[in-house]
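Novice:
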Amino acid sequence: MKEASFVKKTESFLKKLDFDVVKKSFVFDDLDSTNSTAKDLAKAGGAEGAVVIARIQSHGRGRFERIWESPEGGVYLSLILRPSVPRQNTSLLSFVAALAVTKSINTYGVHATIKWPNDVRVNGRKIAGILLESEGEGPTINYVVVGIGINLAIDLKKLSSDLQTRSTSLVNEVHHPVDYHEFLRTLFMTFEHYYTVFEGQRFGEIIDEWKTYSDTLGKSIKVRTMTETLQGTAVDVDQSGFLLLWTASGETKKILSGDCLYCDELDHT
Ligand code: BTN
28 MKEASFVKKT
38 ESFLKKLDFD
48 VVKKSFVFDD
58 LDSTNSTAKD
68 LAKAGGAEGA
78 VVIARIQSHG
88 RGRFERIWES
98 PEGGVYLSLI
108 LRPSVPRQNT
118 SLLSFVAALA
128 VTKSINTYGV
138 HATIKWPNDV
148 RVNGRKIAGI
158 LLESEGEGPT
168 INYVVVGIGI
178 NLAIDLKKLS
188 SDLQTRSTSL
198 VNEVHHPVDY
208 HEFLRTLFMT
218 FEHYYTVFEG
228 QRFGEIIDEW
238 KTYSDTLGKS
248 IKVRTMTETL
258 QGTAVDVDQS
268 GFLLLWTASG
278 ETKKILSGDC
288 LYCDELDHT
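Per the numbering used here, the sequence shown starts with residue 28, numbered consecutively.
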């Protein structure tokens with residue numbers, strides 16, 4: 028889509044939608060990072076249901092300070108949420124987002140799966156990622172920004188060579204064009220469904236459904252956390268989203284957040 032028409036087309040498309048998670052939109056042609064802009068808006072009082080969308084990002088950010096390469100043809104958006112659930116449950120929003128993205132992708136007849144906690148992949152190649160950033164005090168959430176990046180129709184050759192071998196895009200999998208705006212509609216509808224379940228504090232339902240799409244459980248994995256690298260078998264994910272890792276020493280470790288690598292594909296993760 029041409030630069031000038033993207034903003035206009037997307038704004039007028041979003042106006043016609045009736046979803047609580049996208050009540051107000053901020054659409055840009057070229058932004059450094061939709062998450063950074065959404066965080067600024069949230070800090071300035073931006074209400075729940077604001078969404079920041081960009082055609083391309085110059086400094087897209089991924090988990091663990093990585094760069095999220097964001098050429099044209101991708102979905103780059105960030106939602107501002109202010110859920111009324113205990114702050115300790117915030118991280119479950121990444122499972123909400125992963126489910127919404129995976130189910131939306133799968134409506135195109137592909138088989139996307141989730142690598143704990145929220146890497147969405149098709150045939151072992153990454154197709155989407157989620158970056159959650161939040162602020163709160165004590166038990167109260169101030170805001171959560173849910174950033175979603177999806178390789179919808181990107182030309183994989185525009186990614187750095189290292190990423191090309193590990194990534195795929197939806198058009199690459201289905202071999203036909205995919206309408207960006209129709210995809211957004213499906214994504215918002217699916218997200219809203221799981222967000223309602225989350226707000227209703229039915230966390231078990233989210234985890235149970237997440238497990239049906241995840242390919243992590245039962246696998247031999249390595250998990251890099253902020254402080255250590257652990258190896259073992261992924262035995263379960265509990266109702267709070269903690270990964271239960273059974274290590275060689277016979278201990279079961281509970282891990283809230285980390286980078287998960289599958290041992291059977293370590294040479295190309
Ligand atoms: C990951 O490392 O897998 C998470 C990638 C998240 C990328 C998205 S693109 C939209 C939003 N804005 C950002 O800067 N990052 C997120």
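The beta carbon of each residue, even a glycine, is placed where N, CA and C say it ideally should be. Note that the structure is a prediction, hence the values are computed from the model and not measured.
I'd like the ranges of any beta strand (DSSP E) spanning at least 3 consecutive residues and lying wholly in the stretch 222-295.
Specialist: 247-251, 256-264, 270-274, 279-282 and 286-289
Novice: Would you say Leu271 and Lys281 are within 8 Å of each other, going by their C-beta atoms?
Specialist: Position 244 of the sequence shown holds residue 271. Position 254 of the sequence shown holds residue 281. Result yes, Cβ atoms of Leu271 and Lys281 sit closer than 8 Å.
Novice: Quick one: give me the first and last residue of the beta strand (DSSP E) that Ala69 is part of.
Specialist: As a working note, residue 69 is residue 42 in the sequence shown. Annotation: Ala69 is outside any beta strand (DSSP E); the continuous alpha helix (DSSP H) that includes it extends over Thr61 to Lys70.
Novice: Let me confirm a value: Pro110 is counted as buried when at least 16 other C-beta atoms fall within 10 Å, else exposed. Which label applies?
Specialist: Against the sequence shown, residue 110 aligns to sequence position 83. Under this definition Pro110 is a buried residue.
Novice: Please look up how many angstroms separate the CB atoms of Ser187 and Lys153, rounded, as I've assumed it's under 8 Å.
Specialist: Here residue 187 refers to the residue found at position 160 when the sequence shown is read from its first residue. Here residue 153 refers to the residue found at position 126 when the sequence shown is read from its first residue. That pair is no contact at about 13 Å.
Novice: Measure the beta-carbon distance from Phe230 to Leu159 and round it to whole angstroms, keeping in mind my assumption that it falls under 8 Å.
Specialist: Here residue 230 refers to the residue found at position 203 when the sequence shown is read from its first residue. Here residue 159 refers to the residue found at position 132 when the sequence shown is read from its first residue. That pair is no contact at about 15 Å.
Novice: Which same chain residues end up closer than 7 Å to Arg385 when comparing Cβ atoms and leaving out the 5 residues on each side of it in sequence?
Specialist: Outside the displayed span of the chain (28 to 296) sits residue 385, for which this structure offers no information.
Novice: Between which two residues does the beta strand (DSSP E) holding Val19 run?
Specialist: Here the chain covers residues 28 to 296 and nothing more, so residue 19 does not appear.
Novice: Let's test the definition: count the other Cβ atoms within 10 Å of the Cβ of Phe91 and tell me whether it reaches 16, buried, or not, exposed.
Specialist: For this step, residue 91 is matched to residue 64 along the sequence shown. Exposed, by the Cβ-count rule.
Novice: Name the two residues that bound the continuous alpha helix (DSSP H) containing Ile132.
Specialist: Mapped onto the sequence shown, residue 132 falls at position 105. Under the DSSP assignment, Ile132 falls in the alpha helix (DSSP H) whose first and last residues are Leu119 to Asn133.
Novice: In terms of residue numbering, what span does the beta strand (DSSP E) encompassing Val172 cover?
Specialist: If you number the sequence shown from 1, residue 172 lands on position 145. Taken as a continuous stretch (DSSP letters only), the beta strand (DSSP E) holding Val172 covers Thr167 to Ile177.
Novice: If you draw a straight line from the alpha carbon of Lys249 to that of Thr260, how long is it in whole angstroms?
Specialist: Position 222 of the sequence shown, counted from the start, is the residue given in the question as residue 249. Position 233 of the sequence shown, counted from the start, is the residue given in the question as residue 260. Using only the alpha carbons, I get a separation of about 9 Å.
Novice: Spatial neighbours of Gln258 within its chain, please: CB distance less than 6 Å, with the 5 preceding and 5 following residues excluded, ordered by chain position.
Specialist: Here residue 258 is taken as the residue at index 231 of the sequence shown, counted from 1. Taken in chain order, the residues that qualify are Lys249.
Novice: On the DSSP bridge assignment, give the partners of Leu104 in chain order.
Specialist: In the sequence shown, residue 104 corresponds to position 77, counting from 1. Under DSSP, the beta-bridge partners assigned to Leu104 are Ile80 and Ile175.
Novice: When the Cα atoms are used, what is the spatial distance from Gly163 to Asn169?
Specialist: Sequence index remark: in the sequence shown, residue 163 carries index 136 (1-based). Sequence index remark: in the sequence shown, residue 169 carries index 142 (1-based). Gly163 and Asn169 have their alpha carbons spaced roughly 4 Å apart.
Novice: Please return the same chain residues whose Cβ sits closer than 7 Å to the Cβ of Thr61, not counting the five positions on each side in sequence.
Specialist: Looking up residue 61 in the sequence shown gives position 34. Cβ within range, chain order: Val79, Ile80, Ala81, Gln84, Tyr103, Leu104, Ser105 and Gly174.
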